[in-house]
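Asker: Protein chains in written order, with the working numbering: chain H, 104 to 557; chain C, 133 to 586.
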Amino acid sequence: MSPAVTAELAAFAVGPLDPRPAEEVLHAGERTVANALPLAVAAAELPATRIALETVAELGNEPEATVLGSGRRLSPQWAAFVNGVAIHVEDFDDTHLETVIHPGAPVVPAALAMAERTGCSGLELLEAVLVGVEVALRIGIGVSPSHFDRGWHLTATTGHFGAAAAAGRLLGLDAAAMANGLGIVATQAAGLQAALGTMTKPFHPGKAAANGVEAALLAAAGFTGPVDGIEGRRGFAEVTCADPDLEAMVARLGESWHVTDNAFKPYACGIVSHPAIDAAIALRDAIPDPAAVAEIEVEVNPVVLDVMGVEDPVDGLQSKFSVYHCVAVGLSDGAAGPDQYSDARAVDAATRELRAKVTVRLDPAIARDEARIAARTADGSVHRRHVEHATGSAGRPMSDAELRAKARLVAAPSLGDRLDDLFDAALGLRRLERAATLAQLGTVVAAGVEGVGR
Amino acid sequence: MRALASEQGATAAFCEGLLGLWGRPLPAPVEREASRSLLNVLGVAVGGSRHESVEILLAVAPRPRDGGVTVPGRPERLDPYYAAMATGLAAHLDDFDDTHLETVVHPGAAALSAVLAVGPRAGASGPAALLAFALACEAQLRVAAAITPWNFDAGWQVTGTVGGIGAAAGAALLLGLDAEAMANALGIAASETLGLRVAHGTMIKASHPGKAAANGVLAALLARRGFSGPALEAPRGYFEVLSGEWVPARLGDELGLRWELSLNTYKPYPGGIVSHPAIDAAIALAAQLPDPGAIESILVRCHPLVLELTADPAPADPLRARFSTPHAVAVGLLDGEVGVAQLEAERLVDPAVVRLRDLVELRPERGYERDEAEIEVGLAGGFSRTHHVEHARGGLARPLSDAELARKVETLVEPVLPGRTPGLVGAVADLGGAASLDGILAAVTPPRADRGAA
């Protein structure tokens, strides 16, 4: 008989964490939060974030929870919505490589908005993030790879469950109410891969966070959903996946944690391109002048062209889904941060010329975190590089220091030295007395009101 | 599946087509059906407005600081997003709303929710509101026709799948969006579809059209400010992921010449429409049966979908009772009528009802149409009575008359807003010449004393 997945995940989400998660699990959760919050602060002024904020602010509700960056306050679901958009908009957030889920963007904002309502401790927030990430990843593992192959955006679909679990835990739901909450999101756990390259892509985790918060609030008040919403007939798993593995969703639940496989991106684009970027950067010692390149061939896993196949992007958002652009900026800049994916850079003449010289060869024998590159220069010489494990992958994770450097890169321009306070508070979340402190630390204070540079 | 060349631009062309109809008078028969659809759904929205699930949603919804907008039958006012959700929830709760039989879509709830959420603030005239309602219905039905039967067969409630798109179209028209922004709105809404059939019998199923409408309203508000979304026909987009196969001609051909809305029907009984021919037969037999106690067997010959959708032999609560043909047949035989009262909790455990319910045998007949059924009742002493229904009441072959529709609305409105039915019927009839939605809003808003108490 197949497991009662919805009920088991619900009981796990709201129950005591027993055995206590290992040190590496707690640390992985803290890193997830420490990576996500600076991204939200940094993206506050981007068009997608601004429009999202202005639109839901126009709905005109009581201010309660914090929008990071601006410090504007909205009702909890809409604060979670804007923060979720902001964390994901630059495609610089965390990634569970096996499923290509970015669990931080839907889960962390949902938990933070509820933490502001309940006044919980940092440890309680950390536990909520851990169960939320775990629920999202387990459901994602259970429906992979068919769910992805059918065109679903897993960060959006599984993010609904993760956000609901995190919010439900902080609201103190019992297991029965939590099962209703997971059922409430099961029927609305949507998000299409067609949205890649539009503002609707970052909208996905934002809406997942908002729907998760809403589902938890509804379930707390007695609203009902299908308590077999995940595994039931005509339920989430059956409808969105050809061959769901329900056992995998609950196997060793509470004992083994997938959050430790959550990776952090060194580059501000779709993660499947990262090995190719590492490879391009590795060529720079042999090819200091990109204009000398005649042609480049990069060999990658076939998944790369499923999501990164835009050949000639017309704006910054599209350039994040172009492995051709990624290789070009990697070779010419030795970097792939927000600057390399600006609207201006996407249509820069030299960049366009260089990326037109890039061809992609797909090879299923190459792992997702692996790439080979060969470049021929005008003088006829050929240079090859092989990246076995991309930076930020499980085989070569980013260190805490590298994470801090990345947080500085994106958020120091708006937060100044307060960025370190925010990062330290998140990285030491289990010791933080009040979780809502994170919201204050993630608020940009106008110069002159309070010194930004302490 | 990649979009064929003929399918490319389908969303843009669809939006151009809808805009081409905006500001032009509806053909008289279409206007009449739009008006009947509007009256019917307003009646069920008011009738459902005091249900427990609506109370829960109102308790959870954030409080608007700017006065909010109307929810029919309620003294409270909500922001446009939650007002749309509450309106659509109330309108679909009793499963008493309108039905487009070919697609089994209930377009009125999401269309009404979008028009009431956006129309008053946009300063919509009566004719504009009616036109937006009609086009929001038509947009849902055109999309539904294009994805039928594949979307349903895959496990979706099509009302949820298409509701957000239609609501986005209606809201976009009322907000004055151009074709490009409207296409973005449809794309945003299409990426947050909902409606798994596992949810049947729970509160969240009833909220599918309401949540879809809320999503559609949000999508239109985002698109108005420049937020971008994917085309419905894009690779890994709405049509491909939600349906696999689809028929472009059903989406866009003869828009404005051929109206799916003309084929909308109104239920004489609450609950799943596939059970209605059997209910007709039960009511007809009730008049011929001297003593229900003499009934020893009940054989229901019916379309196979009855077993797929409404076979629940012992519904646990009133929502599930709406999807139980055995219960509906039992109370129909006993009472000679099936209304909201026959589905209340006490009737679900009434020993006389339970006895007959347990006797019901559903037998699928491959040769039967969906609106056809036959009941053979075996009586003590070897006697039997049989009644065959060729076309169910309320279907296209036997539509409810205007008078019957008004009586149905009266049974729904009077318990909630006593004495308001004539005003509501009049306001809907006059909408085509009205300066605003005020007449309708006044008819569905409780008196001031009630508002003060809330």
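A virtual CB, placed ideally from N, CA and C, is assigned to each residue, including glycine.
Our contact map puts C/A529 next to C/C434 with C-beta atoms below 8 Å; I'd like the distance itself, whole angstroms only.
Answerer: The pair is not a contact, with the Cβ atoms about 17 Å apart (cut-off 8 Å).
Asker: Look at the Cβ atom of H/A395, then the Cβ atom of H/T480, and state whether they are nearer than 8 Å.
Answerer: For H/A395 and H/T480, yes; Cβs fall inside 8 Å.
Asker: Is it the case that the Cβ atoms of C/P436 and C/A278 are separated by a distance below 8 Å?
Answerer: No; because the gap between Cβ atoms is not below 8 Å, this pair is not in contact.
Asker: Check whether the region 181-190 of chain H touches the region 345-364 of chain H, counting contact only when three or more Cβ pairs, one atom from each stretch, lie closer than 8 Å.
Answerer: Contact between the region 181-190 of chain H and the region 345-364 of chain H is absent, because fewer than three Cβ pairs lie under 8 Å.
Asker: What residues in the region 309-335 of chain C bring their beta carbon closer than 9 Å to a beta carbon of chain H?
Answerer: Against chain H - using a Cβ distance shorter than 9 Å - the residues of the region 309-335 of chain C are N316, G319, I320, A322, S323, E324, T325, L326, G327, L328, R329, V330, A331, H332, G333, T334, M335.
Asker: Residues in the region 391-407 of chain C with C-beta within 9 Å of chain H's C-beta atoms, listed in sequence order?
Answerer: The region 391-407 of chain C vs chain H, Cβ under 9 Å: nothing.
Asker: Would you list the residues sitting across from H/A539 in a DSSP beta bridge?
Answerer: None, per the DSSP bridge assignment.
Asker: Do H/L200 and H/I469 have their C-beta atoms within less than 8 Å of each other?
Answerer: In this structure, H/I469 does not lie closer than 8 Å to H/L200 by Cβ.
Asker: Which residues bound the beta strand (DSSP E) around H/L465?
Answerer: 461-465 is the span of the beta strand (DSSP E), which, as asked, contains H/L465.
Asker: For the beta strand (DSSP E) that contains H/A474, what are its first and last residues?
Answerer: H/A474 -> beta strand (DSSP E) spans 474-480.
Asker: For C/A232 and C/L244, I'd like the C-alpha separation in whole angstroms.
Answerer: The sequence as given places His at residue 232 of chain C; Ala does not occur at that position. Their Cα atoms are separated by approximately 16 Å.
Asker: Chain H partners of C/F359, CB-CB under 8 Å?
Answerer: Those are A151, I154, A155, T158, M302, T303, F306, listed as they occur along chain H.
Asker: Just list the alpha helix (DSSP H) runs in the region 266-319 of chain H, keeping only unbroken ones of 4 residues or longer that don't cross its boundaries, in chain order.
Answerer: Those alpha helix (DSSP H) runs which fall completely within the region 266-319 of chain H and span 4+ residues are 278-289.
Asker: Quick check: C/A443 and C/L494, are their CB atoms within less than 8 Å of each other?
Answerer: Contact: yes.
Asker: Can you grab the Cα-Cα spacing for the pair C/E163 / C/L267, in whole Å?
Answerer: Rounded to whole angstroms, C/E163 to C/L267 spans 11 Å at the Cα level.
Asker: With a threshold of 8 Å between beta carbons, is H/S178 in contact with chain C?
Answerer: Yes, H/S178 counts as interfacial toward chain C.
Asker: Taking the straight line between their C-alpha atoms, what separation do you get for C/N316 and H/P416?
Answerer: Approximately 19 Å, taken between the alpha carbons.
Asker: How big is the Cα-Cα spacing for C/L248 and H/L525?
Answerer: Rounded to the nearest angstrom, the two C-alpha atoms are 43 Å apart.
Asker: Kindly indicate if chain C contains any beta-carbon less than 8 Å away from that of H/R336.
Answerer: H/R336 counts as touching chain C.
Asker: Could you work out which residue in C/R182, C/R197, C/G296, C/L171 is closest to C/P578 when comparing CA atoms only?
Answerer: Ranking the options by Cα distance to C/P578, first place goes to C/R182.
Asker: I'd like to know whether the C-beta of C/A586 is nearer than 8 Å to at least one C-beta of chain H.
Answerer: Note that C/A586 scores 39 on pLDDT, short of 50, meaning its location in the model is unreliable and no value can be drawn from it.
Asker: Can you give the beta carbon distance from C/T202 to C/L556, rounded, assuming they're within the 8 Å contact cut?
Answerer: That pair is no contact at about 13 Å.
Asker: Can you tell me the Cα-Cα spacing of C/I451 and C/A351, whole angstroms?
Answerer: Looking at the sequence provided, one finds Leu at residue 451 of chain C rather than Ile. Each residue's Cα considered, the two are about 30 Å apart.
Asker: Going along the chain, which residues of the region 320-332 of chain H sit with their C-beta nearer than 7 Å to a C-beta in chain C?
Answerer: Against chain C - using a Cβ distance shorter than 7 Å - the residues of the region 320-332 of chain H are L320, L321, A324, G325, F326, T327, G328, P329, D331, G332.
Asker: Could you compute how far the alpha carbon of C/A256 sits from the alpha carbon of C/L151?
Answerer: If I take the Cα positions, the gap works out to 16 Å.
Asker: Under a three-way DSSP split, which group does C/T93 fall into?
Answerer: Residue numbering for chain C in the displayed model covers 133 to 586; residue 93 of chain C lies beyond these limits and cannot be assessed.
Asker: Express the C-alpha separation of C/E184 and C/V472 in angstroms, rounding to a whole number.
Answerer: Roughly 15 Å separates the two Cα atoms.
Asker: Who are the near neighbours of C/G175 in its chain, counting only those whose CB is closer than 7 Å to its CB and skipping five residues on each side?
Answerer: If we look at C/G175 and ignore the five residues flanking it on each side, its Cβ neighbours are K540, V541, L544, V545.
Asker: Should C/V424 and C/L465 be called a contact, given that it needs their Cβ atoms to be closer than 8 Å?
Answerer: Checking the sequence shown, residue 424 of chain C turns out to be Pro, not Val. Taking 8 Å as the Cβ cut-off, C/P424 and C/L465 qualify as a contacting pair.
Asker: Given H/L349, which residues of its chain have a CB within under 7 Å of its CB, disregarding the five upstream and five downstream residues?
Answerer: If we look at H/L349 and ignore the five residues flanking it on each side, its Cβ neighbours are S105, P106, V108, G245, E334, A340.
Asker: For chain C, is any of its Cβ atoms less than 8 Å away from the one on H/G286?
Answerer: Taking Cβ atoms only, chain C reaches closer than 8 Å to H/G286, which makes this a yes.
Asker: So with CB distances below 8 Å, who are the chain C contacts of H/N164?
Answerer: Here the neighbours are P194, R195, P196, R197, D211.
Asker: By DSSP, does H/V330 sit in helix, in strand, or in coil?
Answerer: Reduced to three states, the DSSP call for H/V330 is coil.
Asker: Within 7 Å: the Cβ of C/A304 and any heavy atom of the ligand ZN?
Answerer: This structure lacks the ligand ZN; in fact it carries no ligand of any kind.
Asker: What are the residues in the region 182-193 of chain C lying within 9 Å of chain D by C-beta distance?
Answerer: This model lacks chain D altogether; the protein chains it does include are H and C.
Asker: Ordered along the chain, which non-local residues of its own chain (more than five positions away) have a Cβ less than 7 Å from that of C/A586?
Answerer: Caution is warranted here: a pLDDT of 39 is assigned to C/A586, below 50, making its placement in the model unreliable, and the coordinate value is therefore given only provisionally. Once the five neighbours on either side are set aside, the close Cβ partners of C/A586 are P207, E208.
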